[in-house]
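Q:
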Amino acid sequence: MAVCIAVIAKENYPLYIRSVPTQGELKFHYTVHTSLDVVEEKISGVGKALADQRELYLGLLYPTEDYKVYGYVTNSKVKFVIVVDSSNASLRDNEIRSMFRKLHNSFTDVMCNPFYNPGDPIQSKSVFFCAHTLSIFYVTIH
Amino acid sequence: MDPGSAAGSGGTFLSLSDSEQRCYSGLYALCQPDSLGNPAAGKVADLFRASQLPAETLHQVTEVCGAKRLGFFGCGQLYVALKLMAAAQAGLPVRLESITGELPLPVFVGITNELEMRYANHPSANESQPHILGSGPGSAPRPPADRPVPRHPDTSMDKQEAWSPPRSPGVSPPRSPSAYRNYPYAAQRNGTDTLLAYDGKVPSRPSVPQENSSPSHYSLKPQPEPPVITRAGSVERLVERAEADYSDDPWRITEEQREYYTIQFRSLQPDLSALIVGTVAKNFFTKSKLPIPELSHIWELSDVDKDGALTFPEFCTAFHLIVARKNGFLLPETLPATLRPGFVEPGVVTAPPSEATQPLIVFDDNMRPGANQLEMCSSGLQMTSRPGVTAKQDTRDESRKPEFSPKRIPDLHEKPIQRVSTLKPDSPQELDANMKSRTRPRSYSSTSIDDAMKKVEEPPTPPPRPQKTHSRASSLDLNKLFQQSSQGGKSVWLPPPPALPPRPPAAQIFSFMPGSEKSSQKAVHQPNFADFSKFSEEETIVTAALSTEDLAPKSDSTVVQQGHAPQKPVRRKLHPESLSATPPLTTPYSAATMTKPTQRPPPKQKREIQMAIRKNRETNAVLTRLNSELQQQLKVVHRERVTLESQLELLRPVAST
Numbered sequence: 000m001a002v003c004i005a006v007i008a009k010e011n012y013p014l015y016i017r018s019v020p021t022q023g024e025l026k027f028h029y030t031v032h033t034s035l036d037v038v039e040e041k042i043s044g045v046g047k048a049l050a051d052q053r054e055l056y057l058g059l060l061y062p063t064e065d066y067k068v069y070g071y072v073t074n075s076k077v078k079f080v081i082v083v084d085s086s087n088a089s090l091r092d093n094e095i096r097s098m099f100r101k102l103h104n105s106f107t108d109v110m111c112n113p114f115y116n117p118g119d120p121i122q123s124k125s126v127f128f129c130a131h132t133l134s135i136f137y138v139t140i141h
Numbered sequence: 000m001d002p003g004s005a006a007g008s009g010g011t012f013l014s015l016s017d018s019e020q021r022c023y024s025g026l027y028a029l030c031q032p033d034s035l036g037n038p039a040a041g042k043v044a045d046l047f048r049a050s051q052l053p054a055e056t057l058h059q060v061t062e063v064c065g066a067k068r069l070g071f072f073g074c075g076q077l078y079v080a081l082k083l084m085a086a087a088q089a090g091l092p093v094r095l096e097s098i099t100g101e102l103p104l105p106v107f108v109g110i111t112n113e114l115e116m117r118y119a120n121h122p123s124a125n126e127s128q129p130h131i132l133g134s135g136p137g138s139a140p141r142p143p144a145d146r147p148v149p150r151h152p153d154t155s156m157d158k159q160e161a162w163s164p165p166r167s168p169g170v171s172p173p174r175s176p177s178a179y180r181n182y183p184y185a186a187q188r189n190g191t192d193t194l195l196a197y198d199g200k201v202p203s204r205p206s207v208p209q210e211n212s213s214p215s216h217y218s219l220k221p222q223p224e225p226p227v228i229t230r231a232g233s234v235e236r237l238v239e240r241a242e243a244d245y246s247d248d249p250w251r252i253t254e255e256q257r258e259y260y261t262i263q264f265r266s267l268q269p270d271l272s273a274l275i276v277g278t279v280a281k282n283f284f285t286k287s288k289l290p291i292p293e294l295s296h297i298w299e300l301s302d303v304d305k306d307g308a309l310t311f312p313e314f315c316t317a318f319h320l321i322v323a324r325k326n327g328f329l330l331p332e333t334l335p336a337t338l339r340p341g342f343v344e345p346g347v348v349t350a351p352p353s354e355a356t357q358p359l360i361v362f363d364d365n366m367r368p369g370a371n372q373l374e375m376c377s378s379g380l381q382m383t384s385r386p387g388v389t390a391k392q393d394t395r396d397e398s399r400k401p402e403f404s405p406k407r408i409p410d411l412h413e414k415p416i417q418r419v420s421t422l423k424p425d426s427p428q429e430l431d432a433n434m435k436s437r438t439r440p441r442s443y444s445s446t447s448i449d450d451a452m453k454k455v456e457e458p459p460t461p462p463p464r465p466q467k468t469h470s471r472a473s474s475l476d477l478n479k480l481f482q483q484s485s486q487g488g489k490s491v492w493l494p495p496p497p498a499l500p501p502r503p504p505a506a507q508i509f510s511f512m513p514g515s516e517k518s519s520q521k522a523v524h525q526p527n528f529a530d531f532s533k534f535s536e537e538e539t540i541v542t543a544a545l546s547t548e549d550l551a552p553k554s555d556s557t558v559v560q561q562g563h564a565p566q567k568p569v570r571r572k573l574h575p576e577s578l579s580a581t582p583p584l585t586t587p588y589s590a591a592t593m594t595k596p597t598q599r600p601p602p603k604q605k606r607e608i609q610m611a612i613r614k615n616r617e618t619n620a621v622l623t624r625l626n627s628e629l630q631q632q633l634k635v636v637h638r639e640r641v642t643l644e645s646q647l648e649l650l651r652p653v654a655s656t
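Line order of the protein sequences matches chains G and C. Following numbering that gives the first Met the number 0, the numbering of the first sequence begins with 0 at its first residue and continues without gaps. Following numbering that gives the first Met the number 0, the numbering of the second sequence begins with 0 at its first residue and continues without gaps.
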């Protein structure tokens with residue numbers, strides 16, 4: 000079960016962070032922030048190769064005892080980070096990929112909105128985006 | 000209308016005195032209750048606004064009366080809300096407990112009578128508009144303008160002078176009047192004006208009797224009688240109805256609204272089946288002065304295919320949502336079914352659309368500024384509310400057919416955006432410009448033709464012959480083009496092409512045609528031959544050619560013809576000379592050709608003809624190319640001219656002020 004979803008802009012500032020247990024958010028913010036280093040490391044390593052060959056899904060960035068962090072980067076260097084509770088061991092990679100895919104689709108929908116300036120934080124007014132992210136939070140609860 | 004029961008339906012027991020009952024009934028009727036008995040949300044919003052209570056108080060009122068819970072104002076909620084507003088105005092806290100007792104009637108500022116709006120009170124409406132504009136967007140959802148219920152007895156007629164232009168309350172049938180009011184039907188700006196600017200309109204605080212007086216006010220005016228009567232009847236009908244179908248659904252698009260949306264769509268994108276790109280739509284909707292997050296939300300709701308562009312149904316949806324929002328409806332979280340692009344609306348034209356029409360009006364103000372931009376500019380570019388609105392309305396009414404009533408004062412900054420929406424108003428001017436520009440070359444060519452005619456002293460050549468079209472010089476061609484255009488309706492008169500590539504075949508043809516006199520037909524078919532040496536003799540040749548009109552295919556004439564033909568490419572470059580020369584050349588040439596065919600020797604005929612045909616084709620191709628290039632240039636120039644003219648117009652009032 001995803002406990003935190005974050006969308007980070009190209010310049011490595013967060014566009015959207017949402018945690019499910021709203022307490023202890025700071026911890027997840029910190030986790031996401033530190034995971035950015037891992038993301039950078041992964042994309043910089045592959046960047047030397049053809050960019051379009053680069054896998055958008057970065058996979059498990061690093062596990063801790065409490066949770067796992069997965070990363071995903073778009074072609075415009077917007078990063079998605081999902082923090083998953085380690086207790087839910089049955090989460091397969093495909094599920095994580097599907098979560099990222101949904102996130103990416105919602106994000107592109109937000110981008111399509113001409114009233115959204117890229118680089119702005121994704122407001123809670125972007126109802127569909129929030130709804131979709133929440134669905135990501137809860138859809139994995141089997 | 001039973002206030003007690005209505006209040007009871009709202010979940011609160013309200014005790015209303017007689018005067019309160021009267022007043023509230025009147026206000027309720029003003030709110031254009033639909034068949035369900037629910038007042039129009041837009042009207043309720045106006046009512047709220049007219050109460051001149053702070054927004055927070057109004058929010059509280061909305062919450063307490065239960066409308067927030069319900070999501071709309073039912074009859075009962077309206078009564079409770081009215082009572083709460085009376086309490087608030089009396090200084091009591093907005094609580095249900097405060098309204099159990101007798102309270103002074105709530106005072107609504109600027110509650111207007113739609114009927115009155117229809118006529119005379121335009122100036123006040125105009126004045127109110129600026130105020131409305133300022134207060135409109137930010138205000139909490141307020142009750143719509145109170146419509147004076149005609150049938151309510153009015154106790155204080157003396158307060159009528161405080162009326163702002165009345166707004167037609169529009170119970171179902173009257174709804175259409177209000178709807179029309181909203182639309183740019185000239186006389187009905189007032190309706191939207193009142194919608195927009197409730198607050199600022201009437202400085203004095205009309206007491207409740209004022210609303211009651213509006214009916215009397217109505218009665219004073221002869222015109223509103225019929226609508227008043229209908230309204231009264233419909234109000235009573237609606238009032239007594241307990242629940243009805245949601246025909247007053249604010250999320251439905253009426254036919255009038257759809258027409259309006261269509262017009263707006265066309266102003267952005269002439270093709271109804273095409274898309275409006277996101278940036279264009281963004282600029283357009285930003286003019287509505289809604290906050291960006293709300294516009295973003297509206298976009299999210301309406302762009303169902305998430306492609307960053309709006310199809311026509313999506314555009315209607317978005318527009319409608321904006322209109323609704325401007326009238327105080329809170330945006331839904333999801334798209335209502337009636338607004339989905341696939342929804343087919345069974346043409347609701349009756350009462351229900353009242354809110355819709357009202358918002359429409361408001362929004363129109365916002366959107367219309369572009370359309371009225373030109374008029375605005377011409378009227379002095381009053382971007383401030385009052386004069387601009389007036390001017391807008393006036394000009395708009397004059398210029399537009401399905402005009403929508405009062406518009407917001409257009410933003411000067413929106414000018415460039417409005418350029419898009421002002422395409423329509425621009426078009427008349429553009430057309431004029433086009434006509435002027437077109438006629439100018441026409442006149443030019445005509446004068447040259449006239450000169451040529453005088454020189455030739457004979458009627459212009461008959462309808463273009465193939466041989467003539469490939470006449471040699473470009474100028475000659477242009478003359479022919481002009482003739483063709485006058486015959487064929489070609490609208491663009493291109494000035495002699497500045498620089499045409501020399502015709503390649505000319506040289507070849509020249510070699511081919513050694514200027515044999517015998518080939519009168521050759522001369523006929525090979526106009527491309529460039530006999531440069533003969534160019535200087537053109538004038539004399541022309542006169543000589545004149546004499547060859549009748550049959551005698553003199554060798555001179557043929558030579559002349561050939562000379563003319565070869566000079567064609569040269570002529571292209573020597574426009575001034577050729578222009579005058581070509582018509583004469585044309586005419587004698589045609590005359591010669593007329594005579595020539597009869598004398599062509601058969602053996603050479605085919606070859607000559609084929610050569611001529613080939614040459615003609617080449618000439619045609621070249622000229623077509625030239626034509627298209629010049630037309631493109633013309634378009635560019637036209638565009639520039641339009642922009643410059645519009646800039647000039649914009650600058651003119653500024654310079655004058």
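C-beta: ideal position from N, C-alpha, C; glycine also.
1. Use the C-beta contact count for LEU102 of chain G: other C-beta atoms within 10 angstroms, 16 or more gives buried, fewer gives exposed.
2. So what does DSSP say about ALA49 of chain C, is it helix, strand or coil?
3. Would you kindly work out how many angstroms separate the C-alpha atoms of MET0 of chain G and SER50 of chain C, rounded to a whole number?
4. My output table needs one value for ARG265 of chain C: the three-state DSSP class, helix, strand or coil.
5. Can the beta-carbon of ILE660 of chain C be found less than 8 Å from the beta-carbon of GLN268 of chain C?
6. Against chain C, does TYR137 of chain G count as a neighbour if the rule is that its beta carbon must be under 8 Å from one of theirs?
7. Return the residues of the stretch 275-300 of chain C that lie within a Cβ-Cβ distance of less than 7 Å from chain G, sorted by chain order.
8. Does any C-beta atom of chain C lie closer than 8 Å to the C-beta of PRO113 of chain G?
9. Name the one or two DSSP bridge partners that LYS67 of chain G has.
10. Return the CA-CA distance between VAL60 of chain C and LEU83 of chain C, expressed in angstroms with no decimal places.
11. By alpha-carbon positions, which one of G:SER105, G:HIS28, G:ASN104 and G:GLU54 ends up nearest to VAL68 of chain G?
12. Is it buried or exposed for ARG251 of chain C, if we count other Cβ within 10 angstroms and need 16 for buried?
13. Excluding five sequence neighbours on each side, which residues of the same chain lie with their C-beta closer than 6 Å to the C-beta of GLU24 of chain G?
14. Taking its Cβ as the centre, do 16 or more other Cβ atoms sit within 10 Å of THR333 of chain C, making it buried, or is it exposed?
15. Considering only DSSP beta bridges, list what LYS101 of chain G is partnered with.
16. Checking contacts by CB at 8 Å: is GLY73 of chain C closer than that to chain G?
17. What are the residues in the stretch 299-318 of chain C lying within 9 Å of chain G by C-beta distance?
18. Expressed to the nearest angstrom, what Euclidean distance is found between the alpha-carbon atoms of VAL303 of chain C and THR278 of chain C?
19. Which residues bound the alpha helix (DSSP H) around SER321 of chain C?
20. Under a Cβ-count criterion, where at least 16 other Cβ atoms within 10 Å of its own Cβ denotes burial, should ALA89 of chain C be classed as buried or exposed?
21. Helix, strand or coil for ILE16 of chain G, going by three-state DSSP, please let me know.
22. Whole angstroms is fine: what's the gap from VAL109 of chain G's alpha carbon to GLU299 of chain C's?
23. Below 8 Å on the Cβ atoms is my guess for PRO113 of chain G versus LYS281 of chain C; work out the distance and round it to an integer in Å.
24. Nearest chain C C-beta to ASP108 of chain G closer than 8 Å, yes or no?
25. Can you tell me whether GLY604 of chain C is buried or exposed? The criterion is at least 16 other CB atoms within 10 Å of its CB, across all chains shown.
26. From GLU639 of chain C to VAL106 of chain C, what distance separates their C-alpha atoms?
27. Hey, could you find the ends of the beta strand (DSSP E) VAL77 of chain G is sitting in?
28. Using the C-alpha atoms, what's the distance from THR285 of chain C back to VAL63 of chain C?
29. Does LEU649 of chain C come out as helix, strand or coil in the three-state DSSP assignment?
30. Express the C-alpha separation of ILE297 of chain C and VAL635 of chain C in angstroms, rounding to a whole number.
31. Which residues mark the beginning and the end of the alpha helix (DSSP H) in which ILE291 of chain C is found?
32. How far does the beta strand (DSSP E) with CYS3 of chain G in it extend, from its first residue to its last?
33. How is the alpha helix (DSSP H) around VAL106 of chain C delimited, first residue to last?
34. Give the secondary structure of TYR115 of chain G by DSSP, where H, G and I count as helix, E and B as strand, and everything else as coil.
35. Quick one: give me the first and last residue of the alpha helix (DSSP H) that CYS74 of chain C is part of.
A: On the basis of the data shown:
1. Result: buried.
2. helix
3. 51 Å
4. helix
5. This structure gives no information on residue 660 of chain C, because the portion of chain C shown stretches from 0 to 656.
6. no
7. Taken in chain order, the members of the stretch 275-300 of chain C whose beta-carbon sits within less than 7 Å of a beta-carbon on chain G are GLY277, THR278, ALA280, LYS281, ILE291, PRO292, LEU294, SER295, HIS296, TRP298 and GLU299.
8. yes
9. G:PRO62 and G:VAL83
10. 6 Å
11. G:HIS28
12. ARG251 of chain C counts as buried, since no fewer than 16 other beta carbons sit within 10 angstroms of its beta carbon.
13. SER18
14. Answer is exposed; the Cβ neighbour count stays below 16.
15. DSSP, once it has assigned bridges, lists no residue as partnering LYS101 of chain G.
16. no
17. GLU299, LEU300, ASP302, LYS305, ASP306, GLY307 and ALA308
18. Between the alpha carbons of VAL303 of chain C and THR278 of chain C lies a gap of roughly 17 Å.
19. According to the sequence provided, residue 321 of chain C is Ile. The question's Ser does not apply to it. DSSP places ILE321 of chain C inside the alpha helix (DSSP H), whose first and last residues are 311-325.
20. So ALA89 of chain C counts as exposed.
21. strand
22. 8 Å
23. 4 Å
24. Taking a beta-carbon distance threshold of 8 Å, ASP108 of chain G counts as an interface residue toward chain C.
25. Sequence check: residue 604 of chain C is Gln here, not Gly. Per the 10 Å Cβ criterion, exposed.
26. 55 Å
27. Boundaries cannot be given for VAL77 of chain G, as no beta strand (DSSP E) includes it and DSSP labels it neither H nor E.
28. 33 Å
29. helix
30. Going by the C-alpha atoms only, they are around 37 Å apart.
31. Looking at the DSSP string, the run of the alpha helix (DSSP H) that includes ILE291 of chain C is 291-301.
32. Note, CYS3 of chain G: beta strand (DSSP E), 1-7.
33. Segment: none, VAL106 of chain C is in no alpha helix (DSSP H) and carries neither H nor E.
34. coil
35. 74-89
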